[in-house]
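Okay, structure first, notes after.
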Amino acid sequence: MYPPTTVTAYAHGKINLHLGVGSLRSDGYHDLVTIFQSVDRHDVVTLEVMDGLPGEILELTCATRGVPTDETNLAWRAVAAVFAAAPDPAALPAVCIDITKKIPTAGGMAGGSADAAAALLAANHLIGAPLTKEELLKLAADLGSDVPFTLLGGTAIGTGRGENLTTVLNRATLHWVLAFSSAGLSTPDVFRTLDNLGHTPHLDSTELQQALAAGNPETIAGLLHNDLQPAAISLQPEIRTTLRLGEEAGALAGIVSGSGPTCAFLCADAQSAQEVAAELSLHSAVAVTTSPAKGAYLEGH
Ligand code: C5P
C-alpha cells in the first residue's frame, strides 16, 4: 500500500494558429492540418491518496461551475486509463482528484484536454511512473484529439484528427489578448455546422511555419487562419463583433481559437497587448498571455 500522498501537475491551454479542416471520415472525425501553440495559461490537477479500494477514484472536485465532477470528466478518465494500464492493479492507491481551472471551459482552448494531460502525468507519477512518455501519448490520443498536444506543448503541427504531432520551429514570443465568451460552444456542434455550411479546406500551413521560424509577429498575424471560424460565428454571432473590436483596438489580427468561442488577438508587443486588453475589457472578459508555453509538467519538475 502507498503512504498518503499528493501529486500536482500543470497543463497549458492552446491556440490553433492555423486550423485547416479536411473531409469528414467514416469514424465521425475530420482530417485536420493544424498548427498548435500552447499559451501561458494553465489548469492545475491534484491527486490525493485516500482510504479506499485499489484503483478507486472516490471523487472529483472543481470550483468552476459547469465542469463535470463524475467519470465523464476527461481528467477522471485519464486517471482511470493510467490505473488500467498499471502493471500491479492490487497495489494501486485510491484517489481524489481536484482541478483548478484557468483555461475557459468549452472555450476552444483545450481546457478539458489539458486537465486530462495533467491527470495522466500525475497518476503515472503517483504509482511510480511505470508508463513511458510514448505510452502516455497513446493513452492521450485515446482520450481526445487535443490531449496529446497539451501533454507535449510548445509549437507543433497536428495531422490526422490532430493527434499526430511534429514539433515546429518557432523563434517568436507572441503576445496575445484572449477575449472570453460567457457561453461555451460544443466542438461536435461546430464541426457539424461547418459540414452543413460547406467550405474550401485550407490545408497548407507552409508559409505560417516559415513565418514562425523567422519569428516576425506581423508576418505571423497575416497568416493566422481557422476553417472553423465561420461555423463558430454562425452559432455565436457576437464573435464577429468581438473580432472587429479587437482589431479596431490595435491588434495585428484576431482569430477564433479552435472551435471557439474564445477569440485570440495577436499583438505587436506586450505594451500593445495591454492597450488592446484595456479597450476590449469594456466589451468582454479578457486576459493577456504569451506563447509558446511548455507541455504538461509535474510540480517541482
Ligand atoms: O477528440 P475529441 O473528443 O476532442 O473530439 C470531440 C468531437 O469533435 C468529435 O466527436 C468530433 O465530433 C469533433 N472532431 C472532429 N474532427 C476532429 C476532432 C474533433 O470532427 N479532428
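The opening residue of the sequence shown carries number 1 in full-length UniProt numbering; numbering runs sequentially from there. Even for Gly, the Cβ is constructed at its ideal location relative to N, Cα and C.
To the nearest angstrom, how far is the alpha carbon of residue i from that of residue j?
| i | j | result |
| --- | --- | --- |
| GLU71 | HIS18 | 32 Å |
| ALA75 | GLY128 | 19 Å |
| ASN170 | LEU53 | 46 Å |
| GLY112 | HIS42 | 11 Å |
| LEU280 | GLY250 | 10 Å |
| TRP176 | ALA287 | 8 Å |
| THR289 | LEU178 | 7 Å |
| SER182 | PRO68 | 18 Å |
| GLY295 | TYR10 | 9 Å |
| ILE233 | THR155 | 26 Å |
| LEU32 | ASP51 | 44 Å |
| ALA63 | VAL7 | 19 Å |
| ASP227 | LEU197 | 11 Å |
| LEU223 | GLU207 | 7 Å |
| GLY13 | PRO89 | 32 Å |
| ALA264 | GLU135 | 32 Å |
| HIS301 | ALA122 | 12 Å |
| ASP204 | PRO237 | 27 Å |
| SER284 | GLY254 | 14 Å |
| PHE149 | GLY246 | 27 Å |
| LEU139 | ALA270 | 37 Å |
| ASP142 | ARG240 | 34 Å |
| PRO87 | VAL79 | 14 Å |
| GLU248 | PRO230 | 20 Å |
| PRO217 | ALA84 | 44 Å |
| THR187 | GLY108 | 8 Å |
State the DSSP-derived secondary structure class of residue i, mapped to helix, strand or coil.
| i | result |
| --- | --- |
| residue 330 | With the chain represented from 1 up to 301, any question about residue 330 goes unanswered, as that position is not in the structure. |
| ALA110 | coil |
| HIS301 | coil |
| MET1 | With a pLDDT of 47 at MET1, under the threshold of 50, the modelled position of that residue is not reliable, and the figure given next carries that caveat. DSSP places MET1 in coil when its eight states are reduced to three. |
| ALA296 | coil |
State the start and end residues of the unbroken beta strand (DSSP E) segment that holds residue i.
| i | result |
| --- | --- |
| LYS14 | 6-24 |
| SER291 | 285-291 |
Hey, is residue i's beta-carbon within less than 9 Å of any beta-carbon in chain D?
| i | result |
| --- | --- |
| LEU47 | Absent here is chain D; the protein component of the structure consists of one chain. |
- Task: Identify every run of the alpha helix (DSSP H) within the region 130-211, keeping only runs that are complete inside it and at least 4 residues long; order them along the chain.
- Result: 133-143, 147-152, 187-197
Considering only heavy atoms of the ligand C5P and the C-beta of each residue, which residues fall inside 6 Å, strictly closer? GLY28, TYR29, HIS30, LEU32, GLY144, SER145, ASP146, ARG161, GLY162, THR187, PRO188, PHE191
What ranges does the alpha helix (DSSP H) occupy inside the region 46-100, keeping only unbroken runs of at least 4 residues that lie completely in it?
74-84
### Query
What are the start and end residues of each continuous beta strand (DSSP E) run of 3 or more residues lying completely inside the UniProt domain "GHMP kinase C-terminal" (209-281), in chain order?
253-256, 263-267
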